[in-house]
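Protein chains in written order, with the numbering used here: chain A, 4 to 195; chain B, 734 to 1059.
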């Protein structure tokens, strides 16, 4: 299966054969999980999202058009799931600070370096949380998933112009929030 | 919009190298000639780089197993596209027949419409069957280990002491009653303790339990026991953290079983955040009048000096000891 393209794998799934499921999962689960985790700031919800996305991919495989990129389609399903999740009022309060939960404690680093890494992550995650969900979605897809504005527009159901504005506004907010690290922070930049 | 505004809006595209060569050149020229935009560009670039220090997190291996296990259980191969097209054709044909029949009926029928009573012998089924059961009508002993899905919690009216728990078994069921009703407590316990039998979210269940059972008069030792079991057994660290936080704050969570679960978490939970929370909960227990026993003190002392322990856990344990025995 490894030598087959995404489109070829999906054609097999569309014919009713789910054997490529594990290969597709291995290709995309990490990206889907990371996006959901950074969007929702909740590892358990990110796991639920990841599971749901791949189940939906199988159940609704016929809705996938061969001319589209599989990653774009999967991120569309993920973003929808995450938006629904946040829309439910009771989940807003569930956005929790469980940064420590998933951060590995790399044994090879000194405690100071680990502390600095954790602090950086906490600050970035806090700054991301201060964005509107639309801005957060756009910046996560652009910065961490490397998607083009056209792809993000397709995922978010808006124009490319709107994506451009969202990313710009997000960057403005992040620049202010992380100002201590980014502009005055030779130390932090050197540490990267 | 000024030229500077236009250039600044293009800066994120410059970062991702998505501008076409002509625009890129134009933007760079502007940045070099405009000090304010030059500063802005520097800030953008540093922020963008700093954002890159966010590490990638790996989903747990169990998630893969869970997904692959769900194939065949919950996900079955659908009809291939060919037969779906056939079904659509059939549906369209049926629609034509219905429309034609309805038009004839509307044009020719004059008699008043009468609804014939359904013969008593014919059972009626609703495809949207949903049952509401009072907790008193449900046995508190849950037989077998049923899979229950789509669990949701209801407390629509804060003035009404009743709460509700809604879920899918073979049909959609809602059980309503007082938080103290044994059947309600047992159902919640089942939801909390059976990670593999219940979906979707235990942490949502814990949030709800915390709200409901922190109210005066609602405390129940079985709920605290269930949370202690979650802390001991749940495979998800986020859920274990929620459990220990709730035990820390919920009235009535001061039993020996709770303390034992906290001690066990401090000694052997693989996640340092859970161990830190366990120390905090133990300190709170001590402050609320349940003093550290010898075993707890020993464990805290051991943790405070254990060389291979996470530095934050060591500090937390040392702080706990000094706060109780300054």
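We put the CB at the ideal spot given by N, CA and C, even for glycine.
Nearest by alpha-carbon distance to residue i: which of the options is it?
i                       : options                     : result
residue 970 of chain B  : B:784, B:1003, B:944, B:765 : B:1003
residue 945 of chain B  : B:993, B:887, B:776, B:783  : B:887
residue 914 of chain B  : B:872, B:935, B:878, B:892  : B:872
residue 4 of chain A    : A:18, A:17, A:24, A:140     : A:24
residue 868 of chain B  : B:921, B:892, B:878         : B:921
residue 18 of chain A   : A:62, A:73, A:77            : A:62
residue 996 of chain B  : B:985, B:1019, B:942, B:983 : B:1019
residue 885 of chain B  : B:735, B:942, B:957, B:875  : B:942
residue 31 of chain A   : A:148, A:161, A:171, A:165  : A:148
residue 125 of chain A  : A:181, A:47, A:164          : A:181
residue 39 of chain A   : A:120, A:128, A:10, A:69    : A:128
residue 750 of chain B  : B:987, B:781, B:792, B:1057 : B:781
residue 1023 of chain B : B:802, B:1029, B:987        : B:987
residue 71 of chain A   : A:170, A:166, A:46, A:155   : A:155
residue 174 of chain A  : A:139, A:27, A:28, A:37     : A:139
residue 940 of chain B  : B:964, B:978, B:918         : B:978
residue 1049 of chain B : B:1026, B:1027, B:1017      : B:1017
residue 783 of chain B  : B:748, B:763, B:795         : B:748
residue 713 of chain B  : B:881, B:1008, B:892        : For residue 713 of chain B there is no data in the structure shown, the boundaries of chain B being 734 and 1059.
residue 792 of chain B  : A:166, A:47, A:73, A:132    : A:47
Applying a beta-carbon distance threshold of less than 8 Å, which residues of chain B neighbour residue i?
i                      : result
residue 81 of chain A  : Within 8 Å Cβ-Cβ: nothing; residue 81 of chain A doesn't reach chain B, min ~13 Å.
residue 50 of chain A  : 792, 793, 796, 969
residue 54 of chain A  : 796, 799, 800, 803
residue 24 of chain A  : 800, 801, 804
residue 74 of chain A  : Result: empty, since nearest Cβ-Cβ is about 16 Å, beyond 8 Å.
residue 162 of chain A : Residues of chain B passing the Cβ test: none, with the nearest at roughly 14 Å.
Mark residue i as exposed unless 16 or more other C-beta atoms lie within 10 angstroms of its C-beta, in which case mark it buried.
i                       : result
residue 1036 of chain B : buried
residue 754 of chain B  : exposed
residue 776 of chain B  : buried
residue 66 of chain A   : exposed
residue 951 of chain B  : buried
residue 178 of chain A  : buried
residue 91 of chain A   : exposed
residue 693 of chain B  : Here chain B covers residues 734 to 1059 and nothing more, so residue 693 of chain B does not appear.
residue 925 of chain B  : buried
residue 278 of chain A  : The requested residue 278 of chain A does not occur in the structure, where chain A is confined to residues 4 to 195.
residue 104 of chain A  : Confidence at residue 104 of chain A is low in this model, with a pLDDT of 44, below 50, so its placement is unreliable and the value that follows should be read with caution. Buried.
residue 176 of chain A  : buried
residue 737 of chain B  : exposed
residue 798 of chain B  : exposed
residue 146 of chain A  : buried
residue 41 of chain A   : buried
residue 141 of chain A  : buried
residue 817 of chain B  : Caution is warranted here: a pLDDT of 47 is assigned to residue 817 of chain B, below 50, making its placement in the model unreliable, and the coordinate value is therefore given only provisionally. Exposed is the call here.
residue 989 of chain B  : exposed
residue 814 of chain B  : Interpretation of residue 814 of chain B is limited by its pLDDT of 47, a score under 50 that renders its predicted location unreliable; no figure is taken from the coordinates.
residue 739 of chain B  : exposed
residue 1039 of chain B : exposed
residue 1007 of chain B : buried
Name the chain B residues that come within less than 9 Å of residue i, Cβ to Cβ?
i                      : result
residue 151 of chain A : 749, 751
residue 77 of chain A  : Result: empty, since nearest Cβ-Cβ is about 13 Å, beyond 9 Å.
Which chain A residues sit within Cβ distance under 8 Å of residue i?
i                       : result
residue 1042 of chain B : Under the 8 Å cutoff, chain A gives no residues; its nearest Cβ is about 11 Å from residue 1042 of chain B.
residue 979 of chain B  : Within chain A, no residue comes near residue 979 of chain B; the closest Cβ sits about 12 Å away, beyond 8 Å.
residue 742 of chain B  : 167, 168, 171
residue 745 of chain B  : 145, 167, 170, 171, 174
residue 894 of chain B  : By Cβ distance, chain A contributes nothing, its closest Cβ being about 20 Å from residue 894 of chain B, past 8 Å.
residue 972 of chain B  : 47
residue 986 of chain B  : The contacting residues do not exist; residue 986 of chain B stays about 20 Å from chain A at best.
Strictly below 7 Å CB to CB, what residues from chain A border residue i?
i                      : result
residue 958 of chain B : Simply none; closest approach about 22 Å.
residue 780 of chain B : 174, 177, 178, 181, 185
residue 787 of chain B : 124, 127
Does the separation of the CB atoms of residue i and residue j fall below 9 Å?
i                      : j                       : result
residue 935 of chain B : residue 908 of chain B  : no
residue 743 of chain B : residue 752 of chain B  : yes
residue 78 of chain A  : residue 150 of chain A  : yes
residue 80 of chain A  : residue 115 of chain A  : no
residue 981 of chain B : residue 1010 of chain B : yes
residue 75 of chain A  : residue 15 of chain A   : no
residue 83 of chain A  : residue 789 of chain B  : no
So which residues of chain A does residue i contact, with C-beta pairs closer than 9 Å?
i                      : result
residue 900 of chain B : Ordered by position in chain A, no residue passes the 9 Å Cβ test against residue 900 of chain B, which lies about 16 Å from the chain.
Looking at residue i and the ligand SAH, is the gap between the Cβ and the nearest heavy atom below 8 Å?
i                      : result
residue 925 of chain B : Looking for the ligand SAH in the displayed structure turns up nothing, as the structure carries no ligands at all.
By the criterion of Cβ-Cβ separation under 7 Å, what are the contact partners of residue i in chain B?
i                     : result
residue 40 of chain A : 790
residue 28 of chain A : 797, 800
Complete runs of the alpha helix (DSSP H) confined to the segment 1004–1059 of chain B [at least 4 residues]: 1005–1020, 1027–1038, 1044–1057
Those runs of the alpha helix (DSSP H) which lie wholly inside the segment 941–996 of chain B and span at least 4 residues: 954–966, 970–982
Contained alpha helix (DSSP H) runs [length at least 4] in the segment 115–149 of chain A, N- to C-terminal order: 136–142
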